[in-house]
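Numbering of the sequence shown is given in our numbering, commencing with residue 1 and proceeding in unit increments.
Beta carbons: idealized from backbone N, C-alpha and C, even for Gly.
The structure displayed is predicted, hence computed values, not measured ones.
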Amino acid sequence: MNKLRRKVYMTAGCNTISMGSGRKEFHPKKPRPGLEDYIREAGGGTLKQLGGGKNVDEAVIGNFMAARFNNQGNLAALIPTIDETLLWKPCTRVEGACCSGALALMSGIKSVLAETAESVLCLGVEVQNTVKAVYGADILATAGWSRERKAGHAYFFPGKFSDRAGAYFAKHGRERSRKAMARWFCNAIENARLCPTAQEHQNSAKDLEALALSEPTPRSFVDHLNFYDCSKVSDGASAIAILSEEGLQRAGIPKNEAVEVVGWGQTEADLTKAP
1 MNKLRRKVYM TAGCNTISMG SGRKEFHPKK PRPGLEDYIR EAGGGTLKQL GGGKNVDEAV
61 IGNFMAARFN NQGNLAALIP TIDETLLWKP CTRVEGACCS GALALMSGIK SVLAETAESV
121 LCLGVEVQNT VKAVYGADIL ATAGWSRERK AGHAYFFPGK FSDRAGAYFA KHGRERSRKA
181 MARWFCNAIE NARLCPTAQE HQNSAKDLEA LALSEPTPRS FVDHLNFYDC SKVSDGASAI
241 AILSEEGLQR AGIPKNEAVE VVGWGQTEAD LTKAP
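Below you can see the structure in the form of C-alpha cells.
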C-alpha cells in the first residue's frame, strides 16, 4: 500500500435489520422488503446525516448475485431511487463474492484519493431469502470455481468448510476443536442479543453451547459441521459515506464524528487452486 496522498474519512453509517428466519417478524410466505426497499432505507439513513444527496458526488453499491436471487441486474441504477438528488450522478456496482461490500468501500476510498470525488455514498445489499436453502446454496456456489461444482456437495460452501473442519479435526483433535467452534457460536449469539438489528437479536435459547455441540447429521447436511456452525441467510443493507476533508466540511460534519482511514489492504487468491 502506498502512503495515502490525502486524508480520507468514513461517517454517517446506517444499517437495516438483518432479516431472516432468526427474526420473529420473518414469515417465508408473506411479502418482505426487496432490494429497492433496503437500498432506500440504508442509503436514505446515510443521506439524512449528510444533509441530503446534494452533498454526494458519486455512489457505489456492492452485491454478489442479485441477478440470480432477485432476477435483477444493473443495481447501480437503483441508487437514484434513494433520493432524486442522486439522479444523473455517477453510480457503480461492484461484485466480489462475500467481499462485495468491501470492494464498494475500496472503490469509494480510491475515488476520494484520486480527487474525482469529495463525497461518496457506499452501499452493500443482499436479499437471498428469495429461494429455498438448497437452491440458494447452488447460487452461492458461483462464488467458487464452476468446474468444481459438479463434484461438490449439494450445500457447496458448507461442504467446503466441512472438509476443512474434518482435516483440522484429524490434525488437532475433534473434541477440543468442536468446543472452540461452539464458543464462536455462543459469542456470535451473545453479541447479537446486544444489537437490535441483528438477525439473532431475539434468540432466547438458554443453553447455546449444547446447541453448538449437537452432532452433525451427514445424511441431511454435511459430515463435520452442524447447522449452528453456519450463519443464517440475511436480507438487508448497509450504507456509509466516504469523504475528504472538503466533503466533511460540505456536509457540516466535524472530524470528531468521523473515523479516519489510515490504511487499507486488498489481495486476490487464485479461484482455481485450493488453499
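- Task: Identify which residue in 102, 112, 124, 71 has its Cα closest to the Cα of residue 248.
- Result: If you number the sequence shown from 1, residue 248 lands on position 248. Each of 102, 112, 124, 71 was checked against the Cα of residue 248, and the nearest Cα belongs to 112.
- Exposure label - residue 46; buried when at least 16 CB within 10 Å: The residue given as residue 46 occupies position 46 in the sequence shown. Taking a 10 Å sphere around the C-beta of residue 46, we find 16 or more other C-beta atoms and assign the residue as buried.
- Residues bridged to residue 124 by DSSP? Along the sequence shown, one-based indexing puts residue 124 at 124. Assignment of beta-bridge partners to residue 124 by DSSP yields 62, 238.
- Item | Given residue 28 as reference, the closest of 109, 233, 157, 214 once Cα atoms are compared | Residue 28 sits at position 28 when you count from the first residue of the sequence shown. 233 is the residue among 109, 233, 157, 214 whose C-alpha sits nearest the C-alpha of residue 28.
- Contact under 8 angstroms by Cβ, residue 101 with residue 238: Numbered from 1 along the sequence shown, position 101 holds the residue referred to as residue 101. Numbered from 1 along the sequence shown, position 238 holds the residue referred to as residue 238. For residue 101 and residue 238, yes; Cβs fall inside 8 angstroms.
- Roughly how many whole angstroms lie between the Cα atoms of residue 88 and residue 4? Here residue 88 refers to the residue found at position 88 of the sequence shown. Here residue 4 refers to the residue found at position 4 of the sequence shown. Distance between the alpha carbons of residue 88 and residue 4: 29 angstroms.
- Item | Endpoints, the alpha helix (DSSP H) within which residue 46 is located | In the sequence shown, the residue the question calls residue 46 occupies position 46. For residue 46, the enclosing alpha helix (DSSP H) has its first and last residue at 35 to 50.
- Which residues mark the beginning and the end of the alpha helix (DSSP H) in which residue 212 is found? In the sequence shown, counting from the first residue as 1, residue 212 sits at position 212. Going by DSSP, residue 212 is part of the alpha helix (DSSP H) stretching over 208 to 212.
- Item | Whole-angstrom C-beta distance between residue 103 and residue 62, which should lie under 8 angstroms | Your numbering for residue 62 matches position 62 in the sequence shown. Your numbering for residue 103 matches position 103 in the sequence shown. Correct: roughly 6 angstroms between the Cβ atoms.
- Message: To test your reading of the DSSP string, which unbroken beta strand (DSSP E) runs of 3 or more residues are found completely within the segment 50 to 116?
- Response: Taking 3 residues as the shortest admissible run, the segment 50 to 116 contains the following complete beta strand (DSSP E) segments, listed from N- to C-terminal end: 58 to 62, 91 to 94.
- Residue range of the alpha helix (DSSP H) that includes residue 135: For the purposes of this step, residue 135 is identified with residue 135 of the sequence shown, where counting begins at 1. Element bounds for residue 135: 133 to 140.
- Query: Under a three-way DSSP split, which group does residue 260 fall into?
  - Reply: Here the question's residue 260 lines up with position 260 in the sequence shown. It is a strand residue.
- What is the DSSP secondary structure of residue 146, reduced to helix, strand or coil? For this step, residue 146 is matched to residue 146 along the sequence shown. The answer is helix: DSSP assigns residue 146 an H, G or I state.
- Taking 8 angstroms as the threshold, find out whether the segment 123 to 143 comes into contact with the segment 151 to 165 through three or more Cβ pairs. With the cut-off at 8 angstroms, the segment 123 to 143 and the segment 151 to 165 touch.
- Kindly indicate which residue of 161, 236, 241, 216 has the alpha-carbon position closest to the one of residue 199. Numbered from 1 along the sequence shown, position 199 holds the residue referred to as residue 199. Residue 199 has its Cα closest to that of 236, out of 161, 236, 241, 216.
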